[in-house]
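Read left to right, the sequence shown gives residues 1 to 229 (the UniProt record's numbering).
Heads up, the beta-carbon is just placed ideally off N, CA and C, and yes, glycines get one too.
Notes follow once the structure below has been shown.
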Amino acid sequence: MTDGPALLVQKIYRETEALYARLAPEMGQVALGYRILYGPPRPCPDILFIGFQPGGRTQDALDGLAEGQHTSWPSRFEFAAAPWPLARAIRKIFSVEDLDQCTGLNLVFFRAPSMTAWRQIPRPVRKELERFSLEKCEEIVKALCPRMILVIGLGTFKALAQGLPVLRKEHARRPDVLAREGQIWGFPAIGVAHLTGSRINRHDADRLAAFLRDKTGFHANPASLHPDM
Numbered sequence: 001m002t003d004g005p006a007l008l009v010q011k012i013y014r015e016t017e018a019l020y021a022r023l024a025p026e027m028g029q030v031a032l033g034y035r036i037l038y039g040p041p042r043p044c045p046d047i048l049f050i051g052f053q054p055g056g057r058t059q060d061a062l063d064g065l066a067e068g069q070h071t072s073w074p075s076r077f078e079f080a081a082a083p084w085p086l087a088r089a090i091r092k093i094f095s096v097e098d099l100d101q102c103t104g105l106n107l108v109f110f111r112a113p114s115m116t117a118w119r120q121i122p123r124p125v126r127k128e129l130e131r132f133s134l135e136k137c138e139e140i141v142k143a144l145c146p147r148m149i150l151v152i153g154l155g156t157f158k159a160l161a162q163g164l165p166v167l168r169k170e171h172a173r174r175p176d177v178l179a180r181e182g183q184i185w186g187f188p189a190i191g192v193a194h195l196t197g198s199r200i201n202r203h204d205a206d207r208l209a210a211f212l213r214d215k216t217g218f219h220a221n222p223a224s225l226h227p228d229m
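Written out as structure tokens, the structure is:
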């Protein structure tokens, strides 16, 4: 790993710490800490995953502090091994070996248990947190130069790009979009329906997985591993 991206990201961690220290008193019960990177700031990752916002409640915030989430990144991209539902869903699509060549972050760095809770923060404070996160997210993406960006959640993708629908549901009441394709900050990008929050049947989940593997050149994990992924 070259020093350039790592030094930039370390600076962003310090800036985030300073902003949070200033605004946390105004965030009330939603002052639950923050999380920036979910893996090392790997230059030119095969995929850079972008989600909307870290979830969780008070215990998650305490765990994050204990794990050093406010000061640095994990040594391994967590989608490759973490037990939480989204990471498990990703491992049903991509192999652990491939995921170890990736990294990820969120569009909003600051933790909230739900959008309802997030909107309870006074609007000027919330907007400052969102603007800061977007600006720093862009800086990180441009510094890392990913081969591809994969956005989890079509709403999050829409906040960054329009894109064109490239995959829709089949055998469903409505042919809802499963994936969009476009560019984000000059990089090829795909946005997908949220893999844990959307109602996607098995047929469409398999189609989406095949589409993503085809687009990325990644491999699947052995089917025998899926129940325990």
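Counting C-beta neighbours from all protein chains within 10 Å, is the total for H219 16 or more, i.e. buried, or is it exposed? exposed
Can you give me the C-alpha to C-alpha distance between T71 and Y13, rounded to a whole angstrom? Rounded to the nearest angstrom, the two C-alpha atoms are 6 Å apart.
According to DSSP, what are the bridge partners of I152? V192
Are the beta-carbon atoms of R35 and N106 separated by less than 8 Å? yes
With burial defined as no fewer than 16 other Cβ atoms inside 10 Å of the residue's Cβ, what is the status of E78: buried or exposed? Classification for E78: buried.
Take every Cβ of the region 35 to 46, pair it with every Cβ of the region 129 to 144, and state whether three or more of those distances are shorter than 8 Å. yes
On the three-state DSSP scale, how would you describe V96? In this structure, V96 counts as helix in the three-state DSSP scheme.
On the premise that D204 lies in contact with E181, defined as a C-beta separation below 8 Å, what is that separation, rounded to the nearest angstrom? With a Cβ gap of about 17 Å, E181 and D204 do not count as contacting.
Would you check if the region 48 to 68 and the region 103 to 118 touch, i.e. whether three or more CB-CB distances between them fall below 8 Å? yes
Touch check for the region 117 to 129 and the region 11 to 30: three-plus C-beta pairs under 8 Å? yes
Quick check: what's the CA-CA separation for E15 versus R131? Taking the Cα positions, E15 is about 13 Å away from R131.
Taking the alpha helix (DSSP H) that G4 falls in, what are its first and last residues? Counting along the chain, the alpha helix (DSSP H) containing G4 begins and ends at 3 to 27.
Backbone secondary structure at T58 - three-state DSSP: helix
What are the start and end residues of each continuous beta strand (DSSP E) run of 3 or more residues lying completely inside the region 157 to 219, in chain order? 164 to 168, 177 to 184, 187 to 192
Thinking C-alpha only, which one of P40, L134, A159, P113 is nearest D100? P40
Taking the beta strand (DSSP E) that L48 belongs to, which residues open and close that run? Unbroken beta strand (DSSP E) run through L48: 48 to 51.
If you run the structure through DSSP and keep just helix, strand and coil, what is F110? strand
Secondary structure at T103, three-state DSSP: helix, strand or coil? strand
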